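> The structure under discussion is supplied below as structure tokens; questions concerning it will follow.
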Amino acid sequence: MAEQPAKYHHGVVGYALLPKKQQSFIRDSLVDLCRDRGIDLVRIDQDRPLADQGPFDCVLHKLYGEEWKAQLSEFQRRNPSAAILDSPAAIERLHNRISMLQVVSELRIESETDTFGIPKQIVIYDKETLFDPQAWEFLKYPVIAKPLIADGSAKSHKMSLVFNHEGLNKLKPPIVLQEFVNHGGVIFKVYVVGEYVKCVKRKSLPDVSEEKLKSLEGSLSFSQVSNLTSDERNDDSYYKMMDLEDKEMPPQGFIKDIARGLRSALSLNLFNFDVIRDARIGNRYLVIDINYFPGYAKMPGYEKVLSEFFLDVVGKKEGRGEVVEDSVEGEDLSEGFDSRQVLRGGSGGGCDEMAIRAGTCDEEMRKLVSNNCCSDGEEKENSPMLQV
64 MAEQPAKYHH GVVGYALLPK KQQSFIRDSL VDLCRDRGID LVRIDQDRPL
114 ADQGPFDCVL HKLYGEEWKA QLSEFQRRNP SAAILDSPAA IERLHNRISM
164 LQVVSELRIE SETDTFGIPK QIVIYDKETL FDPQAWEFLK YPVIAKPLIA
214 DGSAKSHKMS LVFNHEGLNK LKPPIVLQEF VNHGGVIFKV YVVGEYVKCV
264 KRKSLPDVSE EKLKSLEGSL SFSQVSNLTS DERNDDSYYK MMDLEDKEMP
314 PQGFIKDIAR GLRSALSLNL FNFDVIRDAR IGNRYLVIDI NYFPGYAKMP
364 GYEKVLSEFF LDVVGKKEGR GEVVEDSVEG EDLSEGFDSR QVLRGGSGGG
414 CDEMAIRAGT CDEEMRKLVS NNCCSDGEEK ENSPMLQV
């Protein structure tokens, strides 16, 4: 049967993604729903200059490098009314695990019952500092060791849970040492698409008691806090017994306030962040990671959410300002896209040594971020396994 043309044609969204990202995100279900709503998704030819392609009302991308940034800049110069999702300058802040979370500490969100923050952490630039117990005496084992650079490459996802001093031997600075906080084996993934916010719960690493810590030695390598590869699964029984249905979700209003605060501070429209509930203080939540343009296909009803978002982006460009009528699982999508968030990068700034030790960022740390095109680093949803 021949395809039925859309009743209205509102615009074209050009996308520039690496093959893995394109395969996971640009699915027929999304393309068809967008077309039904008058939005065409068109692949950008990465072998041709961006400015010579189109016309595009919006450019959706997850590519890096100076050449790509220059192409986006030239496209924006020639097409000043087109939207860029998202600004390379804003995205780059998430490539550094210290500057990434520093923004959380800068948020001011009021709540009578709940608090939030980030785990204690420190940047380690060399082996000498790594093996100097006084350099990071405010941290206690276990700690999570993460590469300082979070550019989406496979290398940036190589993390370790370190149980004692012996476990430091395999680490290669520059790294971030972050306190491991017991959190009931549950991580909350919060997806943000414009002003739409969706929180889901996933299985995570089990708690490590002080008694159990005494019997653990060295370190355990894993890919992501909420994912370990099959050969690293050591305690399947723990996860089979664990029932996520029994785990209480965070207050949704509180989570949405954090999401909107991050979106404004980061000047990003497409990201997710990971939150854990501190087992020591039941109403305290810690943001442990922020990712640009995550695996949205794993989010329930992602096609409707993204198609509404694209329609809203193009609608703001055309000045329609219409209210979206459809919803996802009864959720309100009418707030949609804020055009003020397009191409507004985060600010930088210097800081002294004490500020670095306390977990803040500076220009020198930002220079460590690679400008080369990197692998996609799609997040995975398999449950981690750790025998503790």
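Okay, so the sequence shown: first residue is 64 according to this note's numbering, each after it adds one.
C-beta atoms are modelled at their ideal positions from N, C-alpha and C, and glycine is treated no differently.
On a predicted model such as this, the values are computed, not experimentally measured, just so you know.
1) I need the straight-line Cα distance from Asp214 to Arg160, nearest angstrom please.
2) With a 10 Å radius around its C-beta and 16 neighbouring C-beta atoms as the bar for buried, classify Ser370 as buried or exposed.
3) Use the C-beta contact count for Leu307: other C-beta atoms within 10 angstroms, 16 or more gives buried, fewer gives exposed.
4) Please report the residue range of the alpha helix (DSSP H) in which Leu329 lies.
5) Run the CB neighbour count on Gly77, radius 10 Å, all protein chains shown included, and call it buried at 16 or more, exposed below.
6) As a quick exercise: from Leu96, Ile207, His158, Thr178, pick the residue whose alpha carbon is nearest that of Ile344.
7) If I follow the unbroken beta strand (DSSP E) through Phe285, where does it start and stop?
8) CB-CB under 6 Å to Phe317, same chain, minus the five flanking residues each way: which ones, in chain order?
9) Measure the CB-CB distance between Val256 and Phe336 and report whether it falls below 8 Å.
10) Contact criterion: CB-CB distance below 8 Å. Does Ile172 meet it with respect to chain D?
11) Per DSSP, which residues does Met222 bridge with? Please list them.
12) Can you tell me whether Ser223 is buried or exposed, with buried defined as 16 or more other CB within 10 angstroms of its CB?
13) Three or more C-beta pairs under 8 Å: does that hold for the region 190-199 against the region 349-366?
14) Could you name each continuous alpha helix (DSSP H) segment of 4 residues or more that falls completely within the region 180-227, going from the start of the chain to the end?
15) To which residues does DSSP link Asp337 through a beta bridge?
16) Please determine, among Val244, Gln241, Tyr204, Cys262, the residue with the shortest C-alpha to C-alpha distance to Gly281.
17) Assign Asn232 to one of three DSSP states: helix, strand, or coil.
18) If I follow the unbroken beta strand (DSSP E) through Val271, where does it start and stop?
19) Looking at Arg141: is its Cβ nearer than 8 Å to the Cβ of Ala114?
20) Which residues does DSSP pair with Arg265 in a beta bridge?
21) Given a cut-off of 8 Å, decide if Phe373 and Ile102 are closer than it, judged by their beta-carbon atoms.
22) Using C-beta distances below 7 Å, list every residue in its chain close to Pro210, excluding the 5 sequence neighbours before and after it, in chain order.
23) Pick helix, strand or coil for Asp177, following the three-state DSSP scheme.
24) Quick one: which unbroken alpha helix (DSSP H) runs of 4-plus residues sit fully inside the region 140-171? Chain order, please.
25) Can you confirm whether the region 140-154 touches the region 119-129 when touching is taken to mean that 3 or more C-beta pairs between the two stretches lie within less than 8 Å?
The answer reads as follows:
1) As a position in the sequence shown, residue 214 is number 151, starting the count at 1. As a position in the sequence shown, residue 160 is number 97, starting the count at 1. Roughly 10 Å separates the two Cα atoms.
2) Sequence index remark: in the sequence shown, residue 370 carries index 307 (1-based). So Ser370 ends up on the buried side.
3) For the purposes of this step, residue 307 is taken as residue 244 along the sequence shown, with counting starting at 1. Result: exposed.
4) As a position in the sequence shown, residue 329 is number 266, starting the count at 1. 315-329 is the span of the alpha helix (DSSP H), which, as asked, contains Leu329.
5) Here residue 77 refers to the residue found at position 14 of the sequence shown. By the 10 Å Cβ count, Gly77 comes out buried.
6) On the sequence shown, position 281 is the one that residue 344 refers to. The alpha carbon of Ile344 has as its nearest neighbour, out of Leu96, Ile207, His158, Thr178, the alpha carbon of Thr178.
7) Position 222 of the sequence shown, counted from the start, is the residue given in the question as residue 285. Note, Phe285: beta strand (DSSP E), 282-285.
8) Here residue 317 is taken as the residue at index 254 of the sequence shown, counted from 1. Cβ contact annotation for Phe317 (same chain, cutoff 6 Å, sequence separation greater than five): Ser174, Asp177, in chain order.
9) The residue given as residue 256 occupies position 193 in the sequence shown. The residue given as residue 336 occupies position 273 in the sequence shown. Here Val256 is not near Phe336, since their CB atoms are 8 Å or more apart.
10) The structure shown contains no chain D; it holds only a single protein chain.
11) Residue 222 sits at position 159 when you count from the first residue of the sequence shown. DSSP, once it has assigned bridges, lists Phe285 as partnering Met222.
12) Indexing the sequence shown from 1 puts residue 223 at position 160. By the 10 Å Cβ count, Ser223 comes out buried.
13) In the pairwise beta carbon analysis, the region 190-199 is classified as not touching the region 349-366: fewer than three pairs are separated by under 8 Å.
14) Counting whole runs of 4 or more residues, the region 180-227 contains the alpha helix (DSSP H) stretches 190-193.
15) One-based indexing of the sequence shown puts residue 337 at position 274. Note: Asp337 sits in a beta bridge opposite Lys252, Asp352.
16) The sequence position of residue 281 within the sequence shown is 218, counting from 1. Comparing Cα positions, the closest option is Tyr204.
17) Along the sequence shown, read from residue 1 onward, the residue named residue 232 stands at position 169. Correct three-state label for Asn232: helix.
18) In the sequence shown, residue 271 corresponds to position 208, counting from 1. Counting along the chain, Val271 sits inside no beta strand (DSSP E), nor does DSSP assign it H or E at all.
19) Reading the sequence shown from its first residue, position 78 is the one you call residue 141. Reading the sequence shown from its first residue, position 51 is the one you call residue 114. Taking 8 Å as the Cβ cut-off, Arg141 and Ala114 qualify as a contacting pair.
20) Here residue 265 is taken as the residue at index 202 of the sequence shown, counted from 1. Within the DSSP secondary-structure output, Arg265 pairs in a beta bridge with Ile250.
21) Counted from its first residue, the sequence shown places residue 102 at position 39. Counted from its first residue, the sequence shown places residue 373 at position 310. Cβ atoms of Ile102 and Phe373: closer than 8 Å.
22) Stepping through the sequence shown from its first residue, residue 210 is reached at position 147. Hits under 7 Å: Lys218, Ser219, Lys221, Ile238.
23) Here residue 177 corresponds to residue number 114 of the sequence shown, with the count starting at 1. DSSP places Asp177 in coil when its eight states are reduced to three.
24) Entirely contained in the region 140-171, the alpha helix (DSSP H) runs reaching 4 residues are, in chain order, 151-155, 160-169.
25) Result yes; three or more Cβ-Cβ pairs closer than 8 Å.
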